[in-house]
Amino acid sequence: MKIKLLSLILLASVTNFSCIQKNGSNDVMFSHLLSDSGKGDVIEKSYSVDFDELQISTSLSAEVYKSGEEKIVVYAPSDLMKYVVVKQDGRKVQVKIQSEGKLNISTDRIKIKVYAKDFDGLVANSSGSITLKDDFKFSDLDVKVSSSGNIKGNINGNNINIQASSSGDFYGEVNARNLNMQTSSSGGIKITGKAENVTAQASSSGDIKAENLTADNAVLTTSSSADITIGVRTSLTASASSSGDIDVVKRGDLSKVSKNESSSGTINIR
76 MKIKLLSLIL
86 LASVTNFSCI
96 QKNGSNDVMF
106 SHLLSDSGKG
116 DVIEKSYSVD
126 FDELQISTSL
136 SAEVYKSGEE
146 KIVVYAPSDL
156 MKYVVVKQDG
166 RKVQVKIQSE
176 GKLNISTDRI
186 KIKVYAKDFD
196 GLVANSSGSI
206 TLKDDFKFSD
216 LDVKVSSSGN
226 IKGNINGNNI
236 NIQASSSGDF
246 YGEVNARNLN
256 MQTSSSGGIK
266 ITGKAENVTA
276 QASSSGDIKA
286 ENLTADNAVL
296 TTSSSADITI
306 GVRTSLTASA
316 SSSGDIDVVK
326 RGDLSKVSKN
336 ESSSGTINIR
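For any residue, its number in this note's numbering is found by taking its place in the sequence shown, counting from 1, and adding 75.
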């Protein structure tokens, strides 16, 4: 009896699925799994902006160029252009996809180019991406990446702050007087360059890979399975706890060293 009942259920399911296929309804059934990359030709739309902070999100990719004229140019299929929003709020400008849940939009054919004199803030989140195509010099710069966002580029400045969290990543060369780095929740920072003073904090599986960066003076803190690798020349203050690891590449005399290890944290100098 059970075998007959199971056979009837299986037969009904197959018949129902066949009907769906014949009626073409399977496209509707699985439409939420499909993404719209646009059917129209790629067109461009330019926005005149004056900003201090650039925010890119929702899987968009932006290239930033140094220019005397500040503007944002969006390249997108004609039928998707209306969903690319450039919004200015005070000195902040945000570029994002806003489809109000009606479409699952693919950003493969959407490109953003940003032309700027200067700025002091970069933010990439929700899989957004920013690439600095020119070398910029900053007095102060805050860089924030989170939620699988990423930022790439070369940075020169006095005071540089880089924060990476929730699988966000920063890659690039940094030359700074004062460099502050913070990673958490699997965020990553991978950099080369030089800095006079470095403060670095990594927690919750955050990772700072700076073996090819040389700091004159460094204050380093790791915890909760996070890692820091960095080159240090003169002065080192390091604290590792809760399985955090610090690996220091000795450059120069490294005449001043202060270490604190606890709860399976390790500090290695080589």
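Glycine residues also receive a C-beta, built at the ideal position from the N, C-alpha and C atoms.
Cβ-Cβ distance between residue i and residue j below 8 Å
i	j	result
glycine 306	leucine 288	yes
glutamate 248	threonine 206	no
aspartate 125	glutamate 145	yes
glycine 196	aspartate 154	no
serine 123	valine 148	no
threonine 309	lysine 325	no
Status (buried if at least 16 other CB within 10 Å, exposed otherwise) for residue i
i	result
serine 204	buried
arginine 252	exposed
serine 259	buried
tyrosine 140	exposed
aspartate 116	exposed
isoleucine 118	exposed
asparagine 343	exposed
arginine 345	exposed
serine 298	buried
Integer-rounded CB distance, given that residue j should sit under 8 Å from residue i
i	j	result
asparagine 250	asparagine 231	5 Å
alanine 301	glycine 319	5 Å
alanine 352	isoleucine 283	What the structure shows of the chain is the stretch from 76 to 345, and residue 352 is not part of that stretch, so it cannot be assessed.
asparagine 225	aspartate 209	With a Cβ gap of about 18 Å, asparagine 225 and aspartate 209 do not count as contacting.
asparagine 200	serine 222	5 Å
threonine 296	aspartate 322	With a Cβ gap of about 14 Å, threonine 296 and aspartate 322 do not count as contacting.
Residue i: CB within 7 Å of a non-hydrogen atom of the ligand ZN
i	result
threonine 341	With respect to small molecules bound, the structure shown includes none, and the ligand ZN cannot be examined in it.
Next on the checklist: Please give the ranges of any alpha helix (DSSP H) in the stretch 258-345, keeping only runs that are unbroken, at least 4 residues long and fully inside the region.
Outcome noted: none
Next on the checklist: For a minimum of 4 consecutive residues, which ranges assigned as the alpha helix (DSSP H) are wholly contained in the stretch 207-268?
Outcome noted: Those alpha helix (DSSP H) runs which fall completely within the stretch 207-268 and span 4+ residues do not exist here.
Next on the checklist: For the structure I just gave you, are there three or more beta carbon pairs, one from the stretch 169-183 and one from the stretch 209-228, closer than 8 Å?
Outcome noted: no
Checklist entry - At what residue ranges does the stretch 151-217 contain a whole run of the beta strand (DSSP E), taking only runs of 3 or more? => result 159-164, 167-172, 186-191, 196-199, 204-207
Checklist entry - At a cut of 8 Å, does the stretch 164-172 reach the stretch 118-131 through at least three beta carbon pairs? => result yes
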